[in-house]
């Protein structure tokens, strides 16, 4: 399996805690392994 450059893994249950770390100047792509 490949990887995405710049990818950061943030578990869904921790997302609220890390919102301030996400870039505001560019789009953010969210992916879910479950669907």
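Numbering (UniProt numbering), first residue to last: 1 to 35. Where is the CB? At the ideal position from N, CA and C, for every residue including glycine. Note that the structure is predicted; figures quoted are calculated from it, not measured.
Item	Value
Cα-Cα separation between residue 11 and residue 32, rounded to whole angstroms	9 angstroms
Element boundaries [alpha helix (DSSP H), containing residue 16]	15-18
Residue 22 and residue 28 closer than 8 angstroms at C-beta	yes
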